[in-house]
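Below is one structure, written out as structure tokens; the observations come after it.
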Amino acid sequence: MSHLIITAVGPFGYAVAERLRDLVPHVSVVDAPGGLPVAEVLDVLSRQSGINLLASWRRAPRLEREFDEESFRTGRPWLPVILDHPQLEVGPAVVPGLGACHDCYRRRIAQHDNARVIRAATGDHYDAHPEAGPDGFLPSTALLAAALAAEAVDRLRADAASEAGRVRQIEVPAQQVRTGRVVGAHGCPRCGLGRDETTRSYERLPELLQGVWR
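As structure tokens, this is what we get:
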């Protein structure tokens, strides 16, 4: 059974981690008080094997990118659990070679986000000031996040392919849940077609037209 390594960021992240200890076997927690330097977090993760889970009280763009890169360097799955008020996100479950990466997910979200400029500025602020973030959360929200994350981890352990790319978005005030599966963006070197966008429209033509040219 794959070990679960939880990196907890902020009060909400710690609350989710503590509840996951009761719901999931074989768990260890990496503390990131006030935003542990990314290099130190990755150093800890590189010395352990299993499924990485990032539980955070708000978006942590740089840390999310580094988790994604670490996943594709090592081939290990990872799962973000982010309270981006008023929305709670569990996923997408990133499984290298079997589904979309987290970067593709954020790019697709930005495509349809009218406030993407504001969100980008907020993310830059959080990266520059790791201690910054919203105060307070409902204990029930942390419990819901932990329960959904536990289900996702169980599925990753049992059948990673069936869970790859799956994301759950919960509108916290209304308790409305949406579930979907992320599709990799064209041109992504990790999870897209794996071919250079500038040549992919014609690079296979010689192979496909061999019978015609004979």
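Numbering-wise, the sequence shown is residues 22 to 235 according to the numbering used here.
Each residue gets a CB set at the ideal place from its N, CA and C atoms; glycine is no exception.
Predicted, not measured: the structure shown is a model, and the values here were computed from it.
From which residue to which residue does the beta strand (DSSP E) around residue i run?
i, result
"Pro101", "Trp99 to Asp105"
"Glu184", "No beta strand (DSSP E) holds Glu184; the alpha helix (DSSP H) holding it covers Ala181 to Glu184."
"Arg202", "Gln197 to Arg202"
"Ala131", "From DSSP, Ala131 is part of no beta strand (DSSP E) but of the alpha helix (DSSP H) over His123 to Gln132."
"Ala29", "Leu25 to Val30"
"Leu109", "Gln108 to Val111"
Taking only three categories from DSSP, how would you classify residue i?
i, result
"Arg79", "coil"
"Ala48", "The question names Ala, yet the displayed sequence has Val at residue 48. Looking at Val48 - three-state DSSP - the assignment turns out to be strand."
"Arg211", "coil"
"Tyr35", "helix"
"Glu152", "coil"
"Val188", "strand"
"Leu74", "strand"
"Val174", "helix"
"Leu57", "Confidence at Leu57 is low in this model, with a pLDDT of 49, below 50, so the placement of that residue is unreliable and no value is reported for it."
Compute every distance between the C-beta of residue i and the non-hydrogen atoms of the ligand ADP, then say whether any falls below 7 angstroms.
i, result
"Gln190", "What this structure holds is no ligand at all, so the ligand ADP is not there to describe."
Hey, quick one: how far does the alpha helix (DSSP H) through residue i stretch, first residue to last?
i, result
"Ala149", "Arg137 to Ala149"
What residue from the options has the CA that sits closest to residue i's CA?
i, options, result
"Leu104", "Ser77, Val37, Cys122 and Ala168", "Ser77"
"Cys212", "Glu192, Ile27, Asp175 and Cys125", "Cys125"
"His150", "Arg176, Pro82 and Ile26", "Pro82"
"Leu109", "Gly34, Arg137 and Leu25", "Gly34"
"Val45", "Val138, Asp156 and Leu177", "Leu177"
"Ser161", "Val193, Gly71, Arg97 and His24", "Val193"
"His106", "His47, Ala166 and Gly120", "Ala166"
"Arg79", "His207, Thr200 and Asp145", "Asp145"
"Leu164", "Ile139, Ala142 and Ala36", "Ala36"
"Leu84", "Asp175, Ser23 and Asp148", "Asp148"
"Val51", "Ile27, Ser92, Ala179 and Ile130", "Ile27"
"Ser23", "Gly201, Pro98, Cys122 and Val138", "Pro98"
"His207", "Leu159, Cys122, Arg140 and His133", "Cys122"
"Val102", "Asn73, Ala136 and Glu152", "Asn73"
"Gly205", "Ala142, Val198, Gly118 and Ala153", "Gly118"
"Arg128", "Val30, Ser92 and Cys209", "Cys209"
"Pro32", "Leu100, Ala142, Phe158 and Ser92", "Phe158"
- Item | the region 106-125 touching the region 177-190, judged by at least three CB pairs closer than 8 angstroms | yes
- Mind the definition here: the region 161-175 touches the region 33-45 only if three or more C-beta pairs lie below 8 angstroms; say whether that holds. yes
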